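Asks: Have a look at the structure that comes next, please.
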Ligand code: SAM
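Residue numbers (this note's numbering): 22 to 251.
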């Protein structure tokens with residue numbers, strides 16, 4: 022039984038793909054993909070020995086050693102001498118996912134799809150995708166156990182990006198496709214976030230003014246105004 026979050030990640034994987042799950046921990050995702058005949062093969066990459074052992078045990082428990090390779094290594098380094106169609110990086114912060122992609126750029130040549138699930142700061146990932154010519158093809162937001170999760174799916178290619186120049190920064194922050202869809206979960210998340218930003222603004226307003234504080238207030242006011250529009 023997968024979490025709702027990983028189930029949604031699975032829904033973006035194409036039938037028959039070779040999939041690399043970077044930061045796989047217990048290898049729940051690769052095991053599920055093989056069990057359900059979704060992926061043809063999978064690689065479970067881990068930078069830490071402990072989680073790698075858990076992944077190995079999980080794979081052995083199902084006797085999936087023929088279909089899932091567990092590999093120790095930092096980020097996309099585990100893709101050396103491998104050919105994969107889709108990379109999944111889930112359950113980490115946006116900055117770490119972006120760092121893994123950036124450091125592993127040279128290993129992305131044959132990869133056609135990225136499925137990224139940041140726990141925080143998805144805007145980092147959208148910016149990286151835009152700068153590196155990956156096209157955003159889907160996004161979703163979901164809530165599980167009181168946490169909000171975003172999933173960002175991208176494909177290689179120069180087809181039209183879903184951004185308008187005049188509202189680029191806002192779209193990178195909130196997600197251009199999520200903004201279009203505006204689901205109940207999206208509205209709930211950003212309503213809470215707005216209240217939080219307003220509280221911070223109020224605290225700064227009560228502090229004595231300085232150049233840094235004024236700049237921070239300006240940044241907050243801009244974001245609050247974007248959320249007011251929604
Ligand atoms: N992907 C799974 C999920 O979404 O449920 C597990 C997420 S777990 C919170 C993050 C995992 O990423 C940990 O097992 C950690 O060891 C691994 N990790 C962190 N940085 C990594 C890196 N640079 N390369 C590979 N794995 C990494």
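Note that the Cβ used here is the ideal one computed from N, Cα and C, for glycine as well.
Note that this is a predicted model, so its numbers are computed, not measured.
Relative to the C-alpha of residue 91, which residue among 240, 209, 111, 68 is closest?
Replies: The candidate whose alpha carbon is nearest that of residue 91 is 68.
Asks: Sort 46, 206, 63 by Cα distance to residue 168 and report the nearest one.
Replies: That would be 206, whose Cα lies nearest to the Cα of residue 168.
Asks: State yes or no: is the C-beta of residue 116 within less than 8 Å of the C-beta of residue 89?
Replies: The answer is no: Cβ separation not under 8 Å.
Asks: Buried or exposed: residue 138, going by 16 or more other Cβ atoms within 10 Å of its Cβ?
Replies: So residue 138 counts as buried.
Asks: Among 30, 22, 59, which has the Cα closest to the Cα of residue 36?
Replies: Among 30, 22, 59, the Cα nearest to that of residue 36 is on 59.
Asks: Apart from the five residues on each side of it in sequence, which residues of its chain come closer than 6 Å, Cβ to Cβ, to residue 38?
Replies: Excluding sequence neighbours, residue 38 sits near 60, 106, 107.
Asks: Cα separation between residue 53 and residue 130?
Replies: Rounded to the nearest angstrom, the two C-alpha atoms are 26 Å apart.
Asks: Go ahead and pull the three-state DSSP assignment for residue 33.
Replies: It is coil, neither helix nor strand.
Asks: Which residue spans inside the segment 94-154 form an unbroken beta strand (DSSP E) run of at least 3?
Replies: Fully enclosed beta strand (DSSP E) runs of 3 or longer: 107-113, 134-139.
Asks: Output the boundary residues of the beta strand (DSSP E) element that contains residue 64.
Replies: Unbroken beta strand (DSSP E) run through residue 64: 62-67.
Asks: Is residue 169 helix, strand or coil when you go by DSSP?
Replies: Looking at residue 169 - three-state DSSP - the assignment turns out to be strand.
Asks: Under 8 Å between the Cβ atoms of residue 150 and residue 211?
Replies: No. Outside cutoff.
Asks: Ligand 1 and residue 67: does the residue's C-beta get closer than 7 Å to at least one heavy atom of that ligand?
Replies: Yes, the beta carbon of residue 67 sits closer than 7 Å to at least one heavy atom of ligand 1.
Asks: Going by C-alpha distance, which of 62, 71, 94, 100 is nearest residue 87?
Replies: Residue 62 is the option with its Cα nearest to residue 87.
Asks: First and last residue of the alpha helix (DSSP H) that includes residue 76?
Replies: It spans 70-82 - the alpha helix (DSSP H) in which residue 76 sits, taken as one unbroken run.
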